[in-house]
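**Student:** Quick one: structure below, then a few questions.
Dropping the structure here:
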């Protein structure tokens, strides 16, 4: 088991403190970044460790840009033996699926010593982040913030006087290799509680929501929020921000930081003790928060009907004589060495299983009990979606291997936002539950949780040609197989950089072709 | 600094205990091995750690074969983010330079999830080993023994009754990533001392030598020896084998194991305390051992003259504002992402520096003092050797960065054996020292040390088309730049597997060519 020394979750949170955004960049600018990824010594919690840094920094540099900008990241891999990719979490990569930064899916990993150019457009404002998407390199420290401001001349539907970005993440003392071998799962969640200060949630995953006030945030790995706070408290004091673990009984103390009023020294301690975060398994509290998130008026509306529904049962299983895995409809995802984008584009027959993965699970499966047959199998098949079709996904949670255990999983979709149509307890029943779907103002997100023993219904339009991961954002869970792969309209994808294809069977195809032409 | 918990050096040592080799395999057999490389938990010294294992074993499986056999290793990389290669240390790879297993030199690293086939002939008997040759994966645990028996019908020029193979290696508690970042050098050496028992050295690096008796072996990283011992001691006792560190003041106790007489329980402790190994800096002892190694009569003789002499000054330096490096003629080797074998074969212009690296060092350089100007630069140029020419290499040691410090370095040549023509103290002086070269019975080796402040003269024939590393075998020293690259007759190299070329600029060349043909 990995030892957790800090209970942060990877995500961004926006506080507003001072008036008016100070930047006045032009929309449509091309912004160049030159990054080197390498291991560096760092002591995030006073214990020196090796982390994966960018340009000598951990976390990596913050990208600040404006909606409509194109960013070009010239990424050089200065690791010695490891490949690397970076995923731009929340960016839909419209027209640039090869830049999604998912090893085995959108591109070949960048080899040590090599440079890859990520080039993509920031199509809308929001609080995003980026992170490694290969093995467990995110846990190794490869991440940073990506803040996209509204385009010049446009206005956000709320006002604030300044901002503060908070990027929080898990931190372990054991190396990710150690964690990978142990296959230990560490689902962490946090709640931030700026004391006394009310939080007004205005944005979730880069989409505006109907503002609502809360005392704390219930946030899961892969999510992001913007919240407004009003600095209406006694200005002679500073205030605690508490961060607690949720969903799993914490073995670590709360994380703490200070909300510093400008009038005070940043080191002045608050007069009262830090607020205690809600207990880790207060799911009613979590659900109450989650169901408050609704789209702001004027937001894109979901199609009223769907073309295809895929139900994905999340189970914890055993494989090959005892290894613990996670499986979806009893298939534990094992990514192939040849990225799907290339192997599908070029019609390769042996790059992955051409058998369609299951659309549902047996009706008699009891989600409230441990699996009767805990065994699962590895698979790497793809859900092929008709281009521009409307797809409903029902994520169904279940009991894990132990009795009376069902974990929370935050599912993240690449290449799209989805509407969250509803949450429910127990097994999803179409005739009963579909009627309760919110088709009026469901929030657009790229990440949504399933609560213990519950289901979550999502809808999206498969309108972005490419191959896209959809997976639990808890990195060890993905590592243990908790994900699926969607492909849509790959024949429409053009201009994949050769470098993104120069590995595995696509690489072999090219070298063989070239050799044949040479001979 | 890495903490050393065991003071073993990677090498093999053959004890003979029982009569007659029991194997009767046919010469010329093809031997298939199917190996998976992956991280495993292991506790080599009672502290659990993650090591790089093969088929779940650490060290990896022993390859046992016969001279004339062809081995085929189907190597699958089951690491999650790291490439991998395996070097077959001491095997000359005649006609198969692409199978030498050196990342950046002979092949593209095998990507995670992919399989590569090493196929090569074992051209002569000997005690060899194999190990990772990418980053510091050897230190991570990727190694094992490779024992090649004499061909059927042939006889070894000595007799023994049984055998025992000992593969010894350094062991660290910190991960290799930690070590890589720290660039901490850990040159370790060992001396084995079977108590009372005399050792008769009969083979070094796969070549027979004139038998000589010693009380202990003075062995360096990358070397191998076969020694005969006669079990002529009191059979009611067991005996200690002591292993001590040399060349650097040890921070660890001696390693110990037992020589067990069959008549006794393997757990019976010897009656006397373990022998104390010679102190770490007794260089006179080391030199006395080394100069006893002479070729057995009938061994291949060196050419009497040479075509080209390359003098390689070994210095410790600083680079880029303070990083400690090792440099050869003031060039610190930094391997390029595109392997040389492919980039030279296909005449690529931008894969590495086309400037020839220096053949010598300034005459005024004082090897007895720290460098006056400690700065060095990175380089990746190649020494291009005329095919079938005779090359002399003089390895010149020098004072390191600190006053009165000069370390021992064991230099290993790929693709060839070399004759060790002589050792000397101080700066090599051609007119004075060349006369003392041993051209009569110099030993053939693939690894030779330079002693502190000394020089070592080697001769080899560049008769093996390919690109070959020549480097200090202490892995962190190589990692810090202590090596050079030789290329010879690359135009004669054929049948490089496409997979060995499918990365970097050769990969790009192929994908571009194929794309042009497709369009």
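Chains as they are written, first to last, in our numbering: chain P, 1 to 519; chain V, 1 to 519.
Note that the Cβ used here is the ideal one computed from N, Cα and C, for glycine as well.
Predicted, not measured: the structure shown is a model, and the values here were computed from it.
(1) Name the DSSP bridge partner or partners of residue 326 of chain P?
(2) Comparing the C-beta of residue 409 of chain P with each C-beta of chain V, is any distance below 7 Å?
(3) Please state the DSSP three-state secondary structure of residue 3 of chain P.
(4) Checking 7 Å against the spacing of the C-beta atoms, do residue 96 of chain V and residue 120 of chain V come in under that value?
(5) Beta-carbon of residue 358 of chain P versus every beta-carbon of chain V: anything under 7 Å?
(6) What residues are listed by DSSP as bridge partners for residue 425 of chain P?
(7) Does the beta carbon of residue 59 of chain P come closer than 7 Å to any beta carbon on chain C?
(8) Would you list the residues sitting across from residue 73 of chain P in a DSSP beta bridge?
(9) Taking any Cβ of chain P, which residues in the segment 111-136 of chain V have a Cβ under 8 Å from it, in chain order?
(10) For the alpha helix (DSSP H) that contains residue 128 of chain V, what are its first and last residues?
(11) Say whether chain P places a C-beta atom closer than 7 Å to the C-beta of residue 495 of chain V.
(12) Output the distance between the C-alpha atoms of residue 499 of chain V and residue 395 of chain V, rounded to the nearest integer angstrom.
(13) Would you mind listing the alpha helix (DSSP H) stretches within the segment 365-435 of chain P that are 4+ residues and don't spill past its ends, in chain order?
(14) Is there a Cβ of chain P sitting closer than 7 Å to that of residue 80 of chain V, yes or no?
(15) Going by Cα to Cα distance, which pick from P:476, P:378 and P:209 is closest to residue 135 of chain P?
(16) Going residue by residue through the segment 434-510 of chain P, where are the continuous alpha helix (DSSP H) segments of at least 4 residues, counting only ones entirely within it?
(17) Between P:304, P:413 and P:297, which has its C-alpha nearest residue 87 of chain P's C-alpha?
(18) Among V:83, V:474 and V:355, which residue has its Cα nearest to the Cα of residue 503 of chain P?
(19) State the DSSP-derived secondary structure class of residue 341 of chain V, mapped to helix, strand or coil.
(20) If the cut-off is 8 Å on Cβ atoms, which residues from the segment 495-509 of chain P count as contacting chain V, listed in chain order?
(21) Which residues does DSSP list as the beta-bridge partners of residue 82 of chain P?
(22) Considering only the alpha carbon of each residue, which of P:487, P:491 and P:408 lies closest to residue 474 of chain P?
(23) Exposed or buried, residue 286 of chain P, counting other C-beta atoms within 10 Å across all chains shown (16 or more means buried)?
(24) So is residue 459 of chain V buried or exposed if we call it buried at 16+ other beta carbons inside 10 Å?
(25) If I'm right that residue 300 of chain V touches residue 444 of chain V with Cβ under 8 Å, what's the distance once you round it to whole angstroms?
(26) Measure the beta-carbon distance from residue 506 of chain P to residue 343 of chain P and round it to whole angstroms, keeping in mind my assumption that it falls under 8 Å.
(27) Between residue 425 of chain P and residue 379 of chain P, is the Cβ-Cβ spacing less than 7 Å?
(28) Tell me the residue span of the beta strand (DSSP E) that contains residue 143 of chain V.
(29) Candidates V:118, V:382, V:488 and V:432: which alpha carbon is nearest residue 389 of chain V's?
(30) Report the residues of the segment 73-97 of chain P with a CB closer than 9 Å to any CB of chain V, ordered along the chain.
(31) With a cut-off of 7 Å, does the C-beta of residue 337 of chain P fall near any C-beta of chain V?
(32) Output the distance between the C-alpha atoms of residue 194 of chain V and residue 235 of chain V, rounded to the nearest integer angstrom.
(33) Please say whether residue 417 of chain P and residue 464 of chain P have beta carbons closer to each other than 7 Å?
(34) DSSP three-state call for residue 39 of chain V: helix, strand or coil?
(35) For residue 203 of chain V, I'd like the list of residues in its chain whose CB is within less than 7 Å of its CB, leaving aside the five on either flank, ordered along the chain.
(36) Does the beta carbon of residue 513 of chain V come closer than 7 Å to any beta carbon on chain P?
**Tutor:** So, from the data block:
(1) Taking the first residue of the first chain as position 1, residue 326 of chain P is located at position 326. According to DSSP, which records beta bridges pairwise, residue 326 of chain P is partnered with P:316.
(2) Sequence index remark: in the first chain, residue 409 of chain P carries index 409 (1-based). Closer than 7 Å: no.
(3) Reading the first chain from its first residue, position 3 is the one you call residue 3 of chain P. Confidence is the limiting factor: at residue 3 of chain P the pLDDT is only 27, short of 50, which leaves the residue's position unreliable, though a coordinate-based value still follows. Three-state result, residue 3 of chain P: coil.
(4) The residue labelled residue 96 of chain V in the question sits at position 96 within the second chain. The residue labelled residue 120 of chain V in the question sits at position 120 within the second chain. Yes, the pair counts as a contact, with Cβ atoms nearer than the cut-off.
(5) Here residue 358 of chain P refers to the residue found at position 358 of the first chain. No, no contact with chain V.
(6) The residue labelled residue 425 of chain P in the question sits at position 425 within the first chain. P:454, per the DSSP bridge assignment.
(7) Here chain C cannot be found, since the structure's protein chains are P and V.
(8) Position 73 of the first chain holds residue 73 of chain P. P:33 and P:118, per the DSSP bridge assignment.
(9) 111, 112, 113, 114, 134, 135 and 136
(10) For this step, residue 128 of chain V is matched to residue 128 along the second chain. Here residue 128 of chain V belongs to no alpha helix (DSSP H); instead the beta strand (DSSP E) covers 126-132.
(11) Counting from 1 along the second chain, the entry for residue 495 of chain V is found at position 495. No, its Cβ sits nowhere closer than 7 Å to a Cβ of chain P.
(12) As a working mapping, residue 499 of chain V is identified with position 499 in the second chain. As a working mapping, residue 395 of chain V is identified with position 395 in the second chain. Rounded to the nearest angstrom, the two C-alpha atoms are 35 Å apart.
(13) 430-433
(14) Numbered from its first residue, the second chain carries residue 80 of chain V at position 80. Chain P, which has a Cβ nearer than 7 Å to the Cβ of residue 80 of chain V, makes this yes.
(15) For this step, residue 135 of chain P is matched to residue 135 along the first chain. Per the Cα distances, P:476.
(16) 475-479
(17) Within the first chain, numbered from 1, the residue matching residue 87 of chain P stands at position 87. The residue with the shortest Cα to Cα distance from residue 87 of chain P is P:413.
(18) For the purposes of this step, residue 503 of chain P is identified with residue 503 of the first chain, where counting begins at 1. Among V:83, V:474 and V:355, the Cα nearest to that of residue 503 of chain P is on V:83.
(19) Taking the second chain and counting its residues from 1, one reaches residue 341 of chain V at position 341. Residue state, collapsed to three classes: helix.
(20) 498, 499, 501, 502, 503, 504, 507, 508 and 509
(21) Taking the first chain and counting its residues from 1, the one referred to as residue 82 of chain P is at position 82. DSSP lists V:82 as partners of residue 82 of chain P.
(22) As a first step, residue 474 of chain P must be located in the first chain, where it is residue number 474. The residue with the shortest Cα to Cα distance from residue 474 of chain P is P:408.
(23) The residue given as residue 286 of chain P occupies position 286 in the first chain. Label assigned to residue 286 of chain P: buried.
(24) Within the second chain, the letter at position 459 stands for residue 459 of chain V. Its Cβ being crowded by 16 or more others within 10 Å, residue 459 of chain V is buried.
(25) To locate residue 300 of chain V, count along the second chain from 1; it is residue 300. To locate residue 444 of chain V, count along the second chain from 1; it is residue 444. Indeed, because the Cβ distance is near 7 Å, the residues count as touching under 8 Å.
(26) If you number the first chain from 1, residue 506 of chain P lands on position 506. If you number the first chain from 1, residue 343 of chain P lands on position 343. That belief holds up - the Cβ atoms of residue 506 of chain P and residue 343 of chain P are roughly 6 Å apart, short of 8 Å.
(27) Numbered from its first residue, the first chain carries residue 425 of chain P at position 425. Numbered from its first residue, the first chain carries residue 379 of chain P at position 379. No, Cβ-Cβ distance for residue 425 of chain P and residue 379 of chain P is not below 7 Å.
(28) On the second chain, residue 143 of chain V is found 143 positions in, with the first residue counted as 1. From DSSP, the beta strand (DSSP E) with residue 143 of chain V extends over 143-149.
(29) Numbered from its first residue, the second chain carries residue 389 of chain V at position 389. Per the Cα distances, V:488.
(30) 77, 79, 80, 81, 82, 83 and 84
(31) As a working note, residue 337 of chain P is residue 337 in the first chain. Taking Cβ atoms only, chain V reaches closer than 7 Å to residue 337 of chain P, which makes this a yes.
(32) Position 194 of the second chain holds residue 194 of chain V. Position 235 of the second chain holds residue 235 of chain V. In this predicted model, residue 194 of chain V has a pLDDT of only 34, less than 50, meaning its place in the structure is not dependable; the value taken from the coordinates is given anyway. In a straight line, the C-alpha of residue 194 of chain V is about 14 Å away from that of residue 235 of chain V.
(33) Start at 1 with the first residue of the first chain, and residue 464 of chain P comes out as number 464. Start at 1 with the first residue of the first chain, and residue 417 of chain P comes out as number 417. Contact: no.
(34) Taking the first residue of the second chain as 1, we reach residue 39 of chain V at position 39. Of the three classes helix, strand and coil, the one that applies to residue 39 of chain V here is strand, per DSSP.
(35) By one-based count along the second chain, residue 203 of chain V stands at place 203. Here the set comprises 126, 127, 209, 225 and 226.
(36) Position 513 of the second chain, counted from the start, is the residue given in the question as residue 513 of chain V. True, the Cβ-Cβ gap to chain P drops below 7 Å.
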